[in-house]
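Visitor:
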Amino acid sequence: MPDERLITYSAALNEALREEMARDSTVFLLGEEIGVWGGGGGVFGVTRGLAKEFGRERVRDTPISEEGIVAVAIGAAATGMRPVVELMYGDFLPLAMEPLVNQAAKLRYMFGGQARVPMVLRSNVGAGGGKAAQHSQSLETWIMHVPGLKLAMPSTPYDAKGLLKTAIRDDNPVVFLEHKLLYFTKEVVPTEDYTIPLGVASIRRPGKDITVVAMQAMLHKALAVATKLAEEGIELEVIDPRTLVPLDIDTIVESVRRTNRLVICHEAVERAGWAGEIAMQVIERAFDFLDAPIVRVCGKNVPMPYSASLENVVIPTEEDLISAIRQLIATWC
Amino acid sequence: MPDERLITYSAALNEALREEMARDSTVFLLGEEIGVWGGGGGVFGVTRGLAKEFGRERVRDTPISEEGIVAVAIGAAATGMRPVVELMYGDFLPLAMEPLVNQAAKLRYMFGGQARVPMVLRSNVGAGGGKAAQHSQSLETWIMHVPGLKLAMPSTPYDAKGLLKTAIRDDNPVVFLEHKLLYFTKEVVPTEDYTIPLGVASIRRPGKDITVVAMQAMLHKALAVATKLAEEGIELEVIDPRTLVPLDIDTIVESVRRTNRLVICHEAVERAGWAGEIAMQVIERAFDFLDAPIVRVCGKNVPMPYSASLENVVIPTEEDLISAIRQLIATWC
Amino acid sequence: MVNKNDSARTRNNQLKGHEPTLLVEMLRRMMLIRAFDSQLPILSTQGLIRGSSHACIGQEATAVGACFALQPSDYVTSTHRGHGHTIAKGGNVRFMMAELLGRADGCCRGKGGSMHIADFSIGMLGANGIVGGGIGIATGAALSSAIRGSKQVALCFFGEGAINQGILLECGNMAALWKLPMVLLCENNQFSMSTRPDDVTSIQDLPRRASGLGIPGLKVDGTDVLAVFNAVSDAVERARNGGGPFFIEAVCYRFEGHFLADDLKYRSKDELAAWHLKDPIPNWRDRLVKSGILTEQDAIRIARETEDAVNHAVEFAKQSPLPNPATAWEDLYA
Amino acid sequence: MVNKNDSARTRNNQLKGHEPTLLVEMLRRMMLIRAFDSQLPILSTQGLIRGSSHACIGQEATAVGACFALQPSDYVTSTHRGHGHTIAKGGNVRFMMAELLGRADGCCRGKGGSMHIADFSIGMLGANGIVGGGIGIATGAALSSAIRGSKQVALCFFGEGAINQGILLECGNMAALWKLPMVLLCENNQFSMSTRPDDVTSIQDLPRRASGLGIPGLKVDGTDVLAVFNAVSDAVERARNGGGPFFIEAVCYRFEGHFLADDLKYRSKDELAAWHLKDPIPNWRDRLVKSGILTEQDAIRIARETEDAVNHAVEFAKQSPLPNPATAWEDLYA
Ligand SMILES: Cc1ncc(C[n+]2csc(CCOP(=O)(O)OP(=O)(O)O)c2C)c(N)n1
Ligand SMILES: Cc1ncc(C[n+]2csc(CCOP(=O)(O)OP(=O)(O)O)c2C)c(N)n1
Ligand SMILES: [Mg+2]
Ligand SMILES: [Mg+2]
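In structure tokens form, the structure reads like this:
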């Protein structure tokens, strides 16, 4: 058996769940359609086969009760279990903000350290499939704004597996947001056990001219743009934070100190999105090194429209990134 | 009868509700304890006397069902009414994010302009009373991140009345966040009808050295600090945006172009808070004019603790502002 | 569309006592719905429909029976499976189809698509991508009607899967408490995606849940358009006269997959075949023909007419341009 | 704290058949709760208690009757009105009082205060500032117990005002569906702030709402500690043996205001007086004395002992230092 294979992001997540469930009997899964749907689990196949392997008790199909599912997971986590909840779409997070924000994030703190809430809330972000306003939101910034939660957003199959295993082993509530368009992307992933620590960014492509911070679908667009612009001798350094809480700001700041220019690209709505947080932290640590304004290339400030002709102008494109970078260079270099 | 009187923020809000209800029969109120509690309505007295004046039909005490109340208001607004909902504490917004974010904010857009959702969701923000983790949150940044909503946050009785009247007359969902510590502060308010447009900031104190952006309780701290520092010849220009959506960025940018320094102070948790949005918009418009890093003085990244000795270090104080400003000057002037 | 002189008296499951034209129109409308949703696999496979769209084939009797018991000014809220509800309430299939294809002439200008189909001009307050999302909106519409004294009734369609959403308790309680003019129509089509009601719902008799909220209710055969019409007519009359909300569980079956991608491994061909015997359209058709209200020829003609209408709608939709990208910035605020 | 050989047989409302020591301990615990909450007005007026704290005076029989039916390892979740529940489950009044005063020796290190009182060492999973917030946590604890096979029962206290929160439907449905070892104890103290149950709840018989969720239930006199003990003991035994969740409405009365600032204009002195006749403490005391289980002298001694215990707790709390500001940065992550 090979010590690495080409597998999808969805399969990588599936392996992480399987391995952690085998490793720790307190790990169990809760969610809608995670046991039977699609011939064995999960609208995006992430839990496929796990019900058969671990039983319906540990891979528990739930009613359509998002607030209740998350609340139940919190109670289970506070009493010795390690639940992993799946919310089918990140757009359903608004249904579960009460238990997530008022309970999971706060129990340990407000009880003076008495509680441990080791749970993972898996859901997703991302648009592009014509799923329209209620199935396309990227709400990670809300989570980042809540002390007591951690937040991971894997961009590749390798990271998806390594970060999920770490999240499950973490003794705190971790919100784990996958990207809808990445579930069936492939990468070589080792077979042996590995984990990726939360809070360690990855420099996906080194470059000396401009630092670009992006994750998930936007990361892949940034990398494509970097390849194109390299042909013109423009070298982008593309950084994937991997987790927004904890945030590896040092890697970003160190990069900006070298490139002196920063572009932040996220799919989430621009207004009050997390680009502002990265920008402030860079300003606080490296203002002197900035030779140009920090640039945002982000989702437009409207709900996601259905029609392709509209969706295309709302989601940041490679062209948007390229023109923003060209303008940055034209104006400031 | 005088054409102006000294009244509280709570009384000013009460007048706005009374006047708009008298003016427009489609305006009605929904909320918990808004009709009878405290001898006539509202934990903070905002709806006092209105049930007696307009009847329990139009001042409707509801069950403890935050999600339901907001959802019901949306349906009523979409069919010809102008509901004004009160959520007793802003910490209960997480219970109502589904209807607010997936429905109210999106109905008009996703139905191609067919719907009108003229509703106001009144609630509050702010800590300082020892109300601890679940009654002290300032969650305005979440709202600012949602296209389709408007967001007003009055800092004075005069603004409270004028902005609420405008919000009620607005044909869109407006989230109206009051501040718990301001309900019983007083100001002279005219008796005749007036409104304040959404999207017009107020320069609360002109100054040439440093621009400070703050609202509500933090605004009052900033003004006190401005008075103190003025004695040392440091002139702060203190700007109150009044509404975060729409945001009057022009007034802020124009100020920064003069002072070349910007401090943003909010009580909300610093991480991924709205200071980052203001900072980015200033950078996008006036990077060249910034002689120093933009500085944040914001709520610390923890839930609100109960004990005074802990609460004091989590909520930004005048001292925090002063030392941040002194450091800014020491390092950059 | 509405049986003017409907009254409890005529509410028997016999055809006589009901206007023949209404009974025939019920058939036509059900056929139109079936013809419409029968296009979904084709258009999706052609890539003309994006995202996911949900067919209500097999459930036409519920949509038509319920909406025919309403006045044009009454309100309806729907679910992710909302084409049938919209057509039954009087929706224009051309603008609906254009919406499914994301075109400029769509009823939502291409912004909503299948899951957000809506037509406020006929009181159809929208499909909804959030399971249970329509319940609150309908309750609010009913409250609005009560405060305005407009006598409008709000009918809320939702699937049996939505029975476990907390919003049902919160809004059901308010509706009962305030005696709002509302009908809660729960379409129990036996599935929530791959899940059976018994796998996720603690009670088998769904009206019992409504009873816990202070709302009376009953079960009705959701494949019998007249039975649905009668039950809803009673509930509507009751609601309109200040009697408060009423809950109806319409028992039916989802003939197709949850959506196109559904492999349907979780149910047997035999089960489907058994339910096909209760197919609301041929059964109703045969009943009308047997009773002499409709001739075979008329039935065939109506079937052809509805298919033609849908084909024209598809043509219309294909002709309609994609929305101008600039319109993405419109319709955010009033 | 627990009646070892409790069983349906001994569950009569007669004193005999119950261990006298247990019956007397019930009185002591109720007196301790009353003494504790009687301090709230004083300490709040002195500015020693910040924010709002909620007294459960008049409801002691519910807290004690329910918690005495539990094993030490069982779980309890509480509400904003949680002092009594915590003391009944075995909480230490010194650390509790220190928490109310926001001191370093508080059970939550001064971070929680009255509304977030908690003691995980005795299975008390916390008071909660969100009405209905404890329901989900208790359901999760019950699921955890079921999966671990630990036979622990989770008892969830909530007020009648929480009956209209959607989380009750969502978690109640799951608890019934999965037959979780859980007891839902609804304290109907007649008020939700100034609101009467009938003003906001569509049904008068609260167990009927549970029934709609597939959960059996009953009403019990919440001012009779033995009646509560018996009802909860049955429910606990049932839950522990795999019988699933049970709902109990304990009918009682909130003697004090919702919190100190409450002007109580919304209720009459006569009503209060009538309920004072059902005061759980003197009634239980008299019953024990009449039956010879307790002497007058013992009763007086116990009352004094509980007051002394609370006075010492207040002293202890006042001596305890305010938390070091640096501890604000602790306890966020494990
Ligand atoms: C709040 C929410 N949770 C989950 C989903 C995903 N989802 C879409 S349809 C569906 C099944 C709904 O079943 P039912 O209510 O019976 O309606 P049906 O599909 O049978 O018409 C689910 C789980 C959703 N859209 N919204
Ligand atoms: C979600 C939520 N909504 C509203 C409140 C404000 N509030 C605190 S206690 C209370 C009344 C609760 O009544 P009940 O459940 O009967 O408990 P009781 O106070 O009678 O013990 C309300 C409305 C809250 N804390 N949480
Ligand atoms: Mg269904
Ligand atoms: Mg109560």
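Chains as they are written, first to last, in the numbering used here: chain Y, 1363 to 1695; chain H, 1363 to 1695; chain R, 26 to 359; chain E, 26 to 359.
Where a beta carbon is used, it is the ideal one built from N, C-alpha and C, also for glycine.
Suppose the cutoff is 7 Å on Cβ atoms and the five residues either side in sequence are ignored; what does the same chain contact list for Ala1635 (chain Y) look like?
Guide: Looking at the sequence shown, residue 1635 (chain Y) is not Ala but Gly. If we look at Gly1635 (chain Y) and ignore the five residues flanking it on each side, its Cβ neighbours are Thr1503, His1628, Cys1660.
Visitor: Establish whether the CB of Leu347 (chain E) and some CB of chain H are separated by less than 8 Å.
Guide: Leu347 (chain E) counts as touching chain H.
Visitor: Using C-beta distances below 7 Å, list every residue in its chain close to Lys29 (chain R), excluding the 5 sequence neighbours before and after it, in chain order.
Guide: Any reading at Lys29 (chain R) must be qualified, since the residue scores a pLDDT of 40, below 50, and its modelled position is unreliable; the value itself is stated next. Correct list: empty, nothing qualifies.
Visitor: List, in order along the chain, the chain E residues whose C-beta lies closer than 8 Å to that of Val1447 (chain H)?
Guide: Per Cβ cutoff of 8 Å: no residues; Val1447 (chain H) is ~15 Å from chain E at best.
Visitor: What is the DSSP secondary structure of Ala1630 (chain H), counted as helix, strand or coil?
Guide: Ala1630 (chain H) falls in the strand class under three-state DSSP.
Visitor: Using the C-alpha atoms, what's the distance from Gly138 (chain E) back to Ser77 (chain E)?
Guide: In a straight line, the C-alpha of Ser77 (chain E) is about 9 Å away from that of Gly138 (chain E).
Visitor: Is Ile1601 (chain H) helix, strand or coil by DSSP?
Guide: Reduced to three states, the DSSP call for Ile1601 (chain H) is strand.
Visitor: Measure the alpha-carbon distance for Trp203 (chain E) versus Leu1379 (chain H) and round it to whole angstroms.
Guide: Near 48 Å, if we compare the C-alpha coordinates of Leu1379 (chain H) and Trp203 (chain E).
Visitor: Determine the contact status of Ala1435 (chain H) and Pro1445 (chain H), defining contact as a CB-CB distance below 8 Å.
Guide: A contact, by the Cβ cut-off of 8 Å.
Visitor: Residues of the stretch 1505-1518 of chain H with a CB closer than 9 Å to any CB of chain R: list them in chain order, please.
Guide: Residues Pro1509, Gly1510, Lys1512.
Visitor: Do the stretch 1559-1579 of chain H and the stretch 1590-1599 of chain H touch if we need at least three Cβ pairs shorter than 8 Å?
Guide: Yes: at least three Cβ pairs fall under 8 Å.
Visitor: Anything in chain Y within Cβ reach of Met1642 (chain H), meaning under 8 Å, just list it in chain order.
Guide: Within 8 Å Cβ-Cβ: Ala1637, Gly1638, Ala1641, Ile1656, Arg1658.
Visitor: Relative to the C-alpha of Thr1424 (chain H), which residue among H:Ile1505, H:Glu1395, H:Met1577, H:Asp1365 is closest?
Guide: Of H:Ile1505, H:Glu1395, H:Met1577, H:Asp1365, the residue nearest in Cα terms is H:Glu1395.
Visitor: Between Gly1474 (chain H) and chain R, is there a C-beta pair that is closer than 8 Å?
Guide: For Gly1474 (chain H), the answer is yes, since a Cβ of chain R falls inside 8 Å of its Cβ.
Visitor: Just checking Phe182 (chain R) against ligand 3 - is the residue's beta carbon closer than 7 Å to any of the ligand's heavy atoms?
Guide: Flag unset: Cβ of Phe182 (chain R) not near ligand 3.
Visitor: Determine the closest residue to Asp99 (chain E) out of E:Gln71, E:Ala286, E:Val261, E:Gly184, with distance taken between C-alpha atoms.
Guide: Closest by alpha carbon: E:Val261.
Visitor: For Glu1549 (chain H), which residues in the same chain have their Cβ closer than 6 Å to its Cβ, ignoring the five residues on either side in sequence?
Guide: So the qualifying residues of the chain are Thr1518, Pro1519, Tyr1520.
Visitor: State whether the stretch 231-246 of chain R contacts the stretch 242-254 of chain E, with contact taken as three or more CB pairs (one from each stretch) at a distance under 8 Å.
Guide: No, because fewer than three Cβ pairs between the stretch 231-246 of chain R and the stretch 242-254 of chain E fall closer than 8 Å, the two stretches do not touch.
Visitor: For a test of your reading of the model: does the CB of Gly186 (chain E) fall under 7 Å from any non-hydrogen atom of ligand 4? Yes or no.
Guide: Yes; taking the cut-off as 7 Å, the Cβ of Gly186 (chain E) has a heavy atom of ligand 4 nearer than that.
Visitor: Val89 (chain E) by DSSP, collapsed to three states: which one?
Guide: Residue state, collapsed to three classes: helix.
Visitor: Return helix, strand or coil for Ser139 (chain E), following the three-state DSSP convention.
Guide: Ser139 (chain E): helix per DSSP, three-state reduction.
Visitor: Classify Phe271 (chain E) as buried or exposed, calling it buried when 16 or more other Cβ atoms lie within 10 Å of its own Cβ.
Guide: Per the 10 Å Cβ criterion, buried.
Visitor: Say whether chain H places a C-beta atom closer than 8 Å to the C-beta of Ala235 (chain R).
Guide: False, the Cβ-Cβ gap to chain H never drops below 8 Å.
Visitor: So Glu1616 (chain H) contacts chain Y; which residues on that side make the cut at Cβ distance below 9 Å?
Guide: None at all; the shortest Cβ gap to chain Y is about 17 Å.
Visitor: On the three-state DSSP scale, how would you describe Asp1423 (chain Y)?
Guide: Here Asp1423 (chain Y) sits in strand by DSSP.
Visitor: What residue range does the alpha helix (DSSP H) around Pro66 (chain E) cover?
Guide: Note, Pro66 (chain E): alpha helix (DSSP H), 65-70.
Visitor: With 7 Å as the C-beta to C-beta threshold (strictly closer), list the residues of the stretch 191-215 of chain E near chain R in chain order.
Guide: Within the stretch 191-215 of chain E, the qualifying residues are Gly191, Ile192, Leu193, Leu194, Glu195, Asn198, Ala201, Leu202.
Visitor: Would you say the beta carbon of Asn214 (chain R) is closer than 7 Å to some non-hydrogen atom of ligand 3?
Guide: Because some heavy atom of ligand 3 lies under 7 Å away, the Cβ of Asn214 (chain R) counts as near it: yes.
Visitor: How many angstroms separate the CA atom of Arg310 (chain E) from the CA atom of Gly90 (chain E)?
Guide: If I take the Cα positions, the gap works out to 14 Å.
Visitor: Whole angstroms is fine: what's the gap from Pro305 (chain E)'s alpha carbon to Cys277 (chain E)'s?
Guide: About 9 Å.
Visitor: By DSSP, does Cys211 (chain R) sit in helix, in strand, or in coil?
Guide: Residue state, collapsed to three classes: strand.
Visitor: Between which two residues does the alpha helix (DSSP H) harbouring Pro1552 (chain H) extend?
Guide: From DSSP, Pro1552 (chain H) is part of no alpha helix (DSSP H) but of the beta strand (DSSP E) over 1548-1552.
Visitor: According to DSSP, which residues form a beta bridge with His1541 (chain Y)?
Guide: Partner(s): Y:Val1487.
Visitor: Under 8 Å Cβ-Cβ, which residues of chain H neighbour Gly42 (chain R)?
Guide: Simply none; closest approach about 34 Å.
Visitor: For the alpha helix (DSSP H) that contains Lys1523 (chain H), what are its first and last residues?
Guide: That run of the alpha helix (DSSP H) goes 1519-1531.
Visitor: Let me know the secondary structure DSSP gives Pro45 (chain E) once reduced to three states.
Guide: Three-state DSSP puts Pro45 (chain E) in a helix.
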